[in-house]
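K.L.:
Each step along the sequence shown adds one to the number in my numbering, with nothing skipped, and position 187 is 1198. First the structure, then my questions, so here it is.
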Amino acid sequence: MVEPANYQPLSGEIPSNVNVQEYFLQGSILDANADKLKQRLQGLCDNVPPEPFTDHEQIYFLKNATSMLPIIVKACKSLAKPSTPWQIKYVGATEVGEHNKPTMIRSCVTVAVSNDPAQFLDNLGFSLQSEVILKGYFYRKGRLQITVSKISVPPTATCDTSKLEASASSHLVEVNTTASPRDETAGDEVKNFCQLLRPAIVLNKVDHRKLQQWQ
């Protein structure tokens, strides 16, 4: 049984009984250009050093009887800070929205748990779809969160981060924030910040529903 951790869930300062949405844009940048992007972020973001992170992320799927799209839950553990508890994050279907919507949107709920949730999720009927190691840097600009990370395949039977095998010659870049569905400014904040990163990187909306249907 997975027990709640004895402190505030790691989904931010919004109470857990509030409907929370994540507003985000994603893109990728070649490894050769990643350092230039990091320098630009250092100048644009809050005046604090970027925080390095190494996360082990497992993605679980559960077939949805009422939709072609599965229910997705992510289990994440920090390898850089072993004392940090596991997180379980439910992510709803990504909504690209109308052309006048500045970002992609999805419902999200994140909670911290005291134990490895693998057995708990298995008992609920979830199956492990994939797992990756995300290693990179975390930046903050007000309520915006920016990550620049390398996606790698976890080594067999170990999480020795010195033996990671990169899955591509590029870095994943994401800008996001969480807010109430009634907040009409959150998406604009994400979009406006992404505009400042051009031409180094162009972050656009991607229809995740089509990507999932092709899997």
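For glycine and all other residues, C-beta sits at the position ideal for the given N, C-alpha and C.
Measuring only the C-alpha atoms, how far is N1187 from N1075?
P.N.:
Rounded to whole angstroms, the gap between the alpha carbons of N1187 and N1075 is 26 Å.
K.L.:
For P1128 and I1099, I'd like the C-alpha separation in whole angstroms.
P.N.:
8 Å
K.L.:
My guess is that L1208 and R1051 are in contact by the Cβ rule of under 8 Å, so how many angstroms apart are they, rounded?
P.N.:
About 7 Å; that satisfies the 8 Å criterion.
K.L.:
Taking DSSP as the reference, what is the three-state secondary structure of A1123?
P.N.:
strand
K.L.:
Can you give the beta carbon distance from F1035 to T1158, rounded, assuming they're within the 8 Å contact cut?
P.N.:
The pair is not a contact, with the Cβ atoms about 10 Å apart (cut-off 8 Å).
K.L.:
Can you round the beta-carbon distance between A1190 and Q1032 to whole angstroms, since I take them to be within the 8 Å contact cut?
P.N.:
Their Cβ separation, rounded to whole angstroms, is 6 Å, which keeps A1190 and Q1032 in contact under 8 Å.
K.L.:
Could you check how far apart the C-beta atoms of S1181 and L1041 are, in whole angstroms? I think they sit under 8 Å.
P.N.:
A Cβ-Cβ separation of about 5 Å places S1181 in contact with L1041 under the 8 Å criterion.
K.L.:
What distance in whole Å lies between the Cβ atoms of L1132 and A1104, which are believed to be in contact at a cut-off of 8 Å?
P.N.:
Not quite, the Cβ-Cβ distance comes to about 19 Å (not below 8 Å), so this is no contact.
K.L.:
Where do the N-terminal and C-terminal ends of the alpha helix (DSSP H) with K1049 fall, by residue?
P.N.:
Looking at the DSSP string, the run of the alpha helix (DSSP H) that includes K1049 is D1042 to L1055.
K.L.:
Classify L1214 as buried or exposed, calling it buried when 16 or more other Cβ atoms lie within 10 Å of its own Cβ.
P.N.:
buried
K.L.:
With DSSP collapsed to three states, give me the class of G1111.
P.N.:
Looking at the sequence itself, residue 1111 is Asn, so the reference to Gly does not match. The answer is coil: DSSP assigns N1111 none of H, G, I, E or B.
K.L.:
If we ignore side chains and look at the alpha-carbon of each, how far apart do A1168 and Y1071 end up?
P.N.:
Confidence at A1168 is low in this model, with a pLDDT of 49, below 50, so the placement of that residue should be treated as unreliable; the coordinate-derived value is given next. For A1168 and Y1071, the distance between alpha carbons rounds to 19 Å.
K.L.:
Since I believe L1073 is in contact with P1060 (beta carbons under 8 Å), could you give me their beta-carbon distance rounded to a whole number of angstroms?
P.N.:
No, P1060 and L1073 are not in contact; Cβ-Cβ is about 39 Å, not under 8 Å.
K.L.:
Does the beta-carbon distance from I1162 to L1139 come in below 8 Å?
P.N.:
no
K.L.:
By Cβ distance, which residues of its chain are closer than 8 Å to R1151, with the 5 residues on each side in sequence left out?
P.N.:
Around R1151: C1056, D1057, V1059 and I1157.
K.L.:
For F1137, does the three-state DSSP call read helix, strand or coil?
P.N.:
coil
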